[in-house]
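What follows is a short report on a single structure.
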Amino acid sequence: MKIEKQQVQALAIGISQLLEQIGDVLPNCAPIWSTSTTRMTLEEPVYPAFMIGQIGLGYDEARALVIIIAQELVVEDAEGSSQAALARFVAGREMMRDFSEHALALVAAGRPTCPLCGQPIDPRGHFCPPSNGHSTSLIQ
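Under this note's numbering, the first residue of the sequence shown is numbered 13, with each subsequent residue one higher.
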């Protein structure tokens, strides 16, 4: 699935907050993925099944599992009907904590976003419509 950087960041923060709310008492041990970061990297070529529009986050207390539901971003057709694909991910608290930390690290390593337009800023600047024609070098 294809997901925007802001969605990844919001999901990672949401997972952290959820784990805090449920009283996550996991020991401070090394993350599961720390020994093999290749386990969380994408393998090329990547063909996303769909673009994520909405993300839901929940917790199954009986089984102590965190649940993520991703819904496809759809555009209504001419008749006003639309059907969105859904994907459901279920994992334990420790794995979700590690996923959250990894996701936040990936977001932090990416290009910064412009506070005016929300677009990524390249090293040489970017075209920003809200800057009203002013130099892009001011928005870096």
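All C-beta atoms in this analysis are idealised placements derived from N, C-alpha and C, irrespective of residue type, glycine included.
Quick caveat, the model's predicted, so the values are computed rather than measured.
**Request:** Quick one: give me the first and last residue of the beta strand (DSSP E) that A103 is part of.
**Result:** Your numbering for residue 103 matches position 91 in the sequence shown. Taken as a continuous stretch (DSSP letters only), the beta strand (DSSP E) holding A103 covers L98 to G104.
**Message:** Given a cut-off of 8 Å on the beta-carbon distance, is the pair A103 and V78 in contact?
**Reply:** Taking the sequence shown and counting its residues from 1, one reaches residue 103 at position 91. Taking the sequence shown and counting its residues from 1, one reaches residue 78 at position 66. Cβ distance < 8 Å, so A103 and V78 count as in contact.
**Prompt:** Cβ of V58 within 7 Å of any heavy atom in the ligand NAD?
**Reply:** Annotation note on the ligand NAD: not contained in the displayed structure, which lists no ligands.
**Prompt:** By how many angstroms is the C-alpha of A61 removed from the C-alpha of M13?
**Reply:** Position 1 of the sequence shown, counting from 1, holds the residue named residue 13. Position 49 of the sequence shown, counting from 1, holds the residue named residue 61. Using only the alpha carbons, I get a separation of about 5 Å.
**Request:** Measure from the alpha carbon of A76 to the alpha carbon of each residue in M108, E55 and K17, then state which is nearest.
**Result:** Within the sequence shown, residue 76 is the residue found at index 64, counting from 1. Minimum Cα distance to A76 is reached at M108.
**Item:** Q66 versus L98 - alpha carbon distance
**Value:** For the purposes of this step, residue 66 is taken as the residue at position 54 of the sequence shown. For the purposes of this step, residue 98 is taken as the residue at position 86 of the sequence shown. Going from the Cα of Q66 to the Cα of L98 covers about 10 Å.
**Residue closest to E84, alpha-carbon to alpha-carbon, out of A74, M63, E106 and S94** = Here the question's residue 84 lines up with position 72 in the sequence shown. Per the Cα distances, M63.
**Prompt:** Where does L69 sit, in a helix, a strand or coil, going by DSSP?
**Reply:** Mapped onto the sequence shown, residue 69 falls at position 57. Of the three classes helix, strand and coil, the one that applies to L69 here is strand, per DSSP.
**Prompt:** Comparing alpha-carbon positions, which option in Q33, D110, E56 and P57 lies nearest G70?
**Reply:** Locating residue 70 in the sequence shown gives position 58, counting from the first residue. For G70, the nearest C-alpha among the options comes from Q33.
**Asked** Which word fits A24, buried or exposed, when buried means at least 16 other C-beta atoms lie within 10 angstroms of its C-beta?
**Response** Locating residue 24 in the sequence shown gives position 12, counting from the first residue. That one is buried.
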